[in-house]
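According to the numbering used here, the stretch in the sequence shown is residues 46 to 476, in order.
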Amino acid sequence: MNILILGSGGREHALAWKLKQSKRVQKIFIAPGNAGTLTVGKNLPVDSTDFQEIKTICVENLIDLVIVGSETPLVAGIVDFFHHDEVLKGINIIGPDKAGAQLEGSKAFAKIFMNSYHIPTAAHFTVDAGNIEAGIEFLHRQSSPYVLKANGLAAGKGVLILNDLAEAEKELRLMIEGKFGQASSQVVIEQFLDGIELSLFVLTDGESYKILPSAKDYKRVGEGDSGLNTGGMGAVSPVVFADQQFMQKVENQIIKPTLFGLKEQNIHYKGFIFIGLMNVNGDPYVIEYNVRLGDPEAECIIPRINSDFCELMEAAGKGTLSEVELEIDERFAVTIMLVSGGYPGEFKRGKKITGINNTKDCVVFHAGTSTDIEMEGIKTFGGRVIAVTAKDYRLEMARSKALANAEKIIFEGRYFRRDIGLDLLNYVAKN
Ligand code: AMP
Ligand code: GLY
Numbered sequence: 046m047n048i049l050i051l052g053s054g055g056r057e058h059a060l061a062w063k064l065k066q067s068k069r070v071q072k073i074f075i076a077p078g079n080a081g082t083l084t085v086g087k088n089l090p091v092d093s094t095d096f097q098e099i100k101t102i103c104v105e106n107l108i109d110l111v112i113v114g115s116e117t118p119l120v121a122g123i124v125d126f127f128h129h130d131e132v133l134k135g136i137n138i139i140g141p142d143k144a145g146a147q148l149e150g151s152k153a154f155a156k157i158f159m160n161s162y163h164i165p166t167a168a169h170f171t172v173d174a175g176n177i178e179a180g181i182e183f184l185h186r187q188s189s190p191y192v193l194k195a196n197g198l199a200a201g202k203g204v205l206i207l208n209d210l211a212e213a214e215k216e217l218r219l220m221i222e223g224k225f226g227q228a229s230s231q232v233v234i235e236q237f238l239d240g241i242e243l244s245l246f247v248l249t250d251g252e253s254y255k256i257l258p259s260a261k262d263y264k265r266v267g268e269g270d271s272g273l274n275t276g277g278m279g280a281v282s283p284v285v286f287a288d289q290q291f292m293q294k295v296e297n298q299i300i301k302p303t304l305f306g307l308k309e310q311n312i313h314y315k316g317f318i319f320i321g322l323m324n325v326n327g328d329p330y331v332i333e334y335n336v337r338l339g340d341p342e343a344e345c346i347i348p349r350i351n352s353d354f355c356e357l358m359e360a361a362g363k364g365t366l367s368e369v370e371l372e373i374d375e376r377f378a379v380t381i382m383l384v385s386g387g388y389p390g391e392f393k394r395g396k397k398i399t400g401i402n403n404t405k406d407c408v409v410f411h412a413g414t415s416t417d418i419e420m421e422g423i424k425t426f427g428g429r430v431i432a433v434t435a436k437d438y439r440l441e442m443a444r445s446k447a448l449a450n451a452e453k454i455i456f457e458g459r460y461f462r463r464d465i466g467l468d469l470l471n472y473v474a475k476n
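Right, here's the structure in full:
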């Protein structure tokens, strides 16, 4: 089987790395990929939203299975493009159709969907230029902090959480006026949920599903969850407070009704559902849906999956997921993201990376890296540069292994959080 993975981050390197371990896989192509994916497959310089070019590479390389890494091509309708194309329709493509991708592409759609199927989520009100005053009334009925969300995709920046009511009112108006462009012409105002957050991943073939390992993402750039939001500075799996009782509630109150709703709305969904959850005093609430794996959560959970990943992907595509066993490694995984100094603000590119060969007892996934012929090595290319994942039966050991290995990888301006998983370790000590 030949596989094409679309994307260029740590998530896509983790997918390629895992698929490479399967005997079923012949060739892996990654478009556009990074310096890490080059070691497991062939990089193709194609943008994942250029559907015609993707068609060409699928035909030229006899691709059997396509895995879409990020939400952008899904929201743009890549799955529908494949289904409606005579040449491509026989290829399995992992991801929802355009209608299903609205779960991530439109927060207003996701809220209507959740309310239709009684899926627990924060109370909300959707505002546009026509009903701002009603939105402000809703805002006044909430208590601080106030949550404002751009309806559309805003590269992870479209959510504002504000303590002051006057500021929230002002920001609401600015958003409607185009603070985040078209993405915020509609804004979802939400009740604030006070709890602990976790990410849950489900793989579905449209009928049955497998619950993949849970993970906790560390979104803020600074230690102690301070500073600006990032794409994610690290992750830990499993999340210790997601016990069996909590997971049972998640399955009954969230996963089953979500899949029921997708079927009822004739949404074609063969792929990953990423459910952002808040645990509010033991009860789960959905904060958001994403229609893909998370990054860096993928780098953390994929190394915990023992099953043949190619078999899982094939089964999800073909609708035979119920026939496949999912085996999970019980060890903890801790992922630490090494980033360029200044990220998520301005940062420099092109810095030589050394020390990867000195790491041991961990997996190193590349994110924003590229090869450099002059330097005869690899260099930094993005804000998030490298993810280091280590596993152990004890969370404490997984954490210290990941930290020790992160320390060995060197580039100018390198920064990483040293407190990934520390909160969970403290939680374990207390409970
Ligand atoms: P989202 O893009 O919807 O995941 O929101 C980004 C982040 O904002 C989430 O990961 C949460 O940390 C926070 N957040 C979103 N909605 C709420 C809410 N209703 N209550 C509390 N925090 C929230
Ligand atoms: N780490 C969060 C995300 O991938 O959206």
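Note that the Cβ used here is the ideal one computed from N, Cα and C, for glycine as well.
With hydrogens ignored, establish whether the beta-carbon of residue i is closer than 7 Å to any heavy atom of ligand 2.
{"i": "D270", "result": "no"}
{"i": "G339", "result": "yes"}
{"i": "G277", "result": "yes"}
{"i": "E342", "result": "yes"}
{"i": "N335", "result": "yes"}
{"i": "D328", "result": "no"}
{"i": "D374", "result": "no"}
{"i": "D417", "result": "no"}
{"i": "D262", "result": "yes"}
Can we count residue i as close to ligand 1, meaning its CB is less than 7 Å from some heavy atom?
{"i": "L273", "result": "no"}
{"i": "F237", "result": "yes"}
{"i": "V204", "result": "yes"}
{"i": "A121", "result": "no"}
{"i": "A195", "result": "no"}
{"i": "E216", "result": "no"}
{"i": "E368", "result": "no"}
{"i": "I102", "result": "no"}
{"i": "I241", "result": "no"}
{"i": "G422", "result": "no"}
{"i": "G135", "result": "no"}
{"i": "I465", "result": "no"}
{"i": "A153", "result": "no"}
{"i": "A146", "result": "no"}
{"i": "I73", "result": "no"}
Go ahead and pull the three-state DSSP assignment for residue i.
{"i": "V85", "result": "coil"}
{"i": "S282", "result": "strand"}
{"i": "R265", "result": "strand"}
{"i": "P329", "result": "strand"}
{"i": "F410", "result": "strand"}
{"i": "E242", "result": "strand"}
{"i": "A213", "result": "helix"}
{"i": "G251", "result": "coil"}
{"i": "T275", "result": "coil"}
{"i": "H43", "result": "Since the displayed the chain opens at 46 and closes at 476, residue 43 lies outside it and no answer follows."}
{"i": "R429", "result": "strand"}
{"i": "Y438", "result": "coil"}
{"i": "V232", "result": "strand"}
{"i": "L205", "result": "strand"}
{"i": "T416", "result": "strand"}
{"i": "N311", "result": "coil"}
{"i": "N476", "result": "coil"}
{"i": "A287", "result": "coil"}
{"i": "F456", "result": "coil"}
{"i": "I423", "result": "strand"}
Using a 10 Å radius around the Cβ and a threshold of 16 neighbouring Cβ atoms, would you call residue i buried or exposed?
{"i": "L49", "result": "buried"}
{"i": "K261", "result": "buried"}
{"i": "K68", "result": "exposed"}
{"i": "T249", "result": "buried"}
{"i": "V233", "result": "buried"}
{"i": "Y438", "result": "exposed"}
{"i": "E105", "result": "exposed"}
{"i": "D157", "result": "Sequence check: residue 157 is Ile here, not Asp. I157 should be labelled exposed."}
{"i": "E421", "result": "exposed"}
Any heavy atom of ligand 3 closer than 7 Å to the Cβ of residue i?
{"i": "V192", "result": "The ligand content of the structure shown is limited to ligand 1 and ligand 2, which means ligand 3 is not among them."}
(Q) With a threshold of 8 Å, are at least 3 pairs of Cβ atoms found where one atom belongs to the region 390-410 and the other to the region 444-458? (A) yes
Q.
Can you confirm whether the region 202-222 touches the region 256-266 when touching is taken to mean that 3 or more C-beta pairs between the two stretches lie within less than 8 Å?
A. no
Q) Hey, which unbroken runs of the alpha helix (DSSP H) at 4 residues or more fall wholly within the region 366-393? A) none
Q.
Quick check: the region 462-476 against the region 404-414, are at least 3 beta-carbon pairs closer than 8 Å?
A. no
**Q.** Every unbroken beta strand (DSSP E) within the region 47-113, with a cutoff of 3 residues, ordered by chain
**A.** 47-52, 72-77 and 110-113
Q. Three or more C-beta pairs closer than 8 Å, one from the region 132-145 and one from the region 164-172: is that the case here?
A. no
(Q) Does the region 316-323 come into contact with the region 378-386, if we say contact requires no fewer than three beta-carbon pairs (one atom in each stretch) closer than 8 Å? (A) no
Q) Looking at C-beta atoms only, is the number of pairs between the region 188-198 and the region 228-236 that lie closer than 8 Å three or more? A) yes
Q | Minimum length 3: unbroken beta strand (DSSP E) runs contained in the region 121-201 | A | 137-141, 169-172 and 191-195
(Q) For the pair the region 231-246 and the region 423-443, tell me if three or more CB-CB distances fall below 8 Å. (A) no
Q. If you pair each beta-carbon of the region 112-127 with each one of the region 141-151, do three or more pairs fall below 8 Å?
A. yes
(Q) With a threshold of 8 Å, are at least 3 pairs of Cβ atoms found where one atom belongs to the region 343-353 and the other to the region 292-312? (A) no
(Q) Check whether the region 280-291 and the region 89-105 are in contact - that is, three or more C-beta pairs closer than 8 Å. (A) no
Q) Would you say the region 251-261 touches the region 294-310, given that touching needs at least three Cβ pairs under 8 Å? A) yes
Q | Cβ contact check for the region 51-62 and the region 325-345: 3 or more pairs under 8 Å | A | yes
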